[in-house]
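Let me begin by presenting the structure, written as structure tokens, before commenting on it.
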Amino acid sequence: MFSRSQLRDNIVVGMLATALIVFPVSACGKSEAVPQVQPPLSSSKFDDHDYLEVAALFQEAGFTNVKMEPIPDLVLGWLVEDGEVEEISIGGDTEFTTGERFDPSVPVIIRYHTFPEDASPSPMPEGSATASPLPATVSPTPMTVSPSVSPVPKAPQTTGPAPTTTTATLTAENNEDLAVLLMLKDPFDPSVASFAATYKNQVIEFDGCVVAVAQHGSTKTRFDYLLSAGDYDPDSASGPSFQFSDINYYDFRFPSETAPESVPVGANLHFVAKVGQYDPATGLFQLDPIATTVR
Numbered sequence: 029m030f031s032r033s034q035l036r037d038n039i040v041v042g043m044l045a046t047a048l049i050v051f052p053v054s055a056c057g058k059s060e061a062v063p064q065v066q067p068p069l070s071s072s073k074f075d076d077h078d079y080l081e082v083a084a085l086f087q088e089a090g091f092t093n094v095k096m097e098p099i100p101d102l103v104l105g106w107l108v109e110d111g112e113v114e115e116i117s118i119g120g121d122t123e124f125t126t127g128e129r130f131d132p133s134v135p136v137i138i139r140y141h142t143f144p145e146d147a148s149p150s151p152m153p154e155g156s157a158t159a160s161p162l163p164a165t166v167s168p169t170p171m172t173v174s175p176s177v178s179p180v181p182k183a184p185q186t187t188g189p190a191p192t193t194t195t196a197t198l199t200a201e202n203n204e205d206l207a208v209l210l211m212l213k214d215p216f217d218p219s220v221a222s223f224a225a226t227y228k229n230q231v232i233e234f235d236g237c238v239v240a241v242a243q244h245g246s247t248k249t250r251f252d253y254l255l256s257a258g259d260y261d262p263d264s265a266s267g268p269s270f271q272f273s274d275i276n277y278y279d280f281r282f283p284s285e286t287a288p289e290s291v292p293v294g295a296n297l298h299f300v301a302k303v304g305q306y307d308p309a310t311g312l313f314q315l316d317p318i319a320t321t322v323r
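Per our numbering, the sequence shown runs over residues 29 to 323.
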């Protein structure tokens, strides 16, 4: 049986074999002369996100003209969840990256799936198929919805159970499974796969650290970050081998007032992320970053 540090080293070596480069990523210099804003995520990274969460992220990034457009196409039993984002356009363009810059007032339209009027217990206002301004009370904190803004209610159960959605962020304090997961010493423990399957697409929050950084494929601006729970220790690690794959500096979404200049190996951070896939062959547990702060 390999020790935890040996397992971690094997994963790091595997990442380096394809990347060949391990180094911290520096944030691009800020230009005070350009009063423009950048998208919080690339267009390809918004899949499966809730529309209120996405709206809050764009507001936090500085966009001032965010609108929401419902697509009333859901029926009971579909795997698509009520409120799930289908498409985002910035100034009419549905393909964008975090490196692009826009005027803060450019129209941002978030199109999302929901139930039609005859399938929802709370009818939508007439003309809801057109874009509507974002309520000013949406909280700018990712995955947090202001009490005064309510998502479109779920349709009542009729012919069978409808998909359920847990909106609360999971922490070690409110979820025993996560608390146990973060204390594991073996990233290949069967409980990791069980957790990934049980809580897929839900949001977790925990203290962690960066244990390795590798260039993603042949790209020069995107990277794979290997993460561990708790404080950084070069000789040991806790929890699964979490990974942020194919991201750049801005995908961490640090608060602008406390954003670090780089994200090096050994950085102790606080993560809010969405549960992704677990690979039992490599031990890598994918997460999608939602918000990150320095500890």
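Cβ coordinates follow ideal geometry from the N, Cα and C atoms, glycine included.
N- and C-terminal bounds of the alpha helix (DSSP H) containing residue i
i	result
L85	Y79 to A89
V208	E204 to L209
DSSP state of residue i mapped onto helix, strand, coil
i	result
F282	coil
F251	strand
A164	Residue confidence is low: A164 scores 46 on pLDDT, short of 50, so the model does not pin down where it sits. No coordinate-derived value is stated.
T158	Bear in mind that a pLDDT of 45 at T158, under 50, signals an unreliable position, so the number given afterwards is only what the model happens to contain. Note: T158 maps to coil in three-state DSSP.
V220	helix
I49	Here the model assigns I49 a pLDDT of 45, short of 50, so the residue's position is not dependable and the matter cannot be decided.
T226	helix
S273	strand
K73	helix
E112	strand
L212	coil
P268	strand
T186	Confidence at T186 is low in this model, with a pLDDT of 45, below 50, so the placement of that residue is unreliable and no value is reported for it.
P191	With a pLDDT of 41 at P191, under the threshold of 50, the modelled position of that residue is not reliable, and no figure is offered here.
S133	coil
S290	strand
The ligand ZN heavy atom lying under 7 Å from the CB of residue i
i	result
F313	Looking for the ligand ZN in the displayed structure turns up nothing, as the structure carries no ligands at all.
CB of residue i within 8 Å of CB of residue j, strictly
i	j	result
D235	G267	no
F124	P67	yes
E233	F280	no
D101	H141	yes
Y260	Q271	no
L210	S269	no
T92	S117	no
V303	Y227	yes
L255	V239	yes
I318	A301	yes
T122	Y278	no
F282	T320	yes
N276	D76	no
For residue j and residue i, believed in contact at Cβ under 8 Å, the rounded distance
i	j	result
F74	V82	6 Å
E114	I137	E114 to I137, Cβ: 11 Å. No contact.
V220	Y306	6 Å
L69	G111	At roughly 17 Å, the Cβ-Cβ gap does not stay under 8 Å, so L69 and G111 are not in contact.
Run of the beta strand (DSSP E) containing residue i, from where it starts to where it stops
i	result
L297	N296 to D307
E97	V94 to P100
D316	L312 to V322
Y140	V136 to T142
For residue i, the residue or residues it bridges with in DSSP
i	result
A240	L254
D121	I118
T199	None, per the DSSP bridge assignment.
D235	H298
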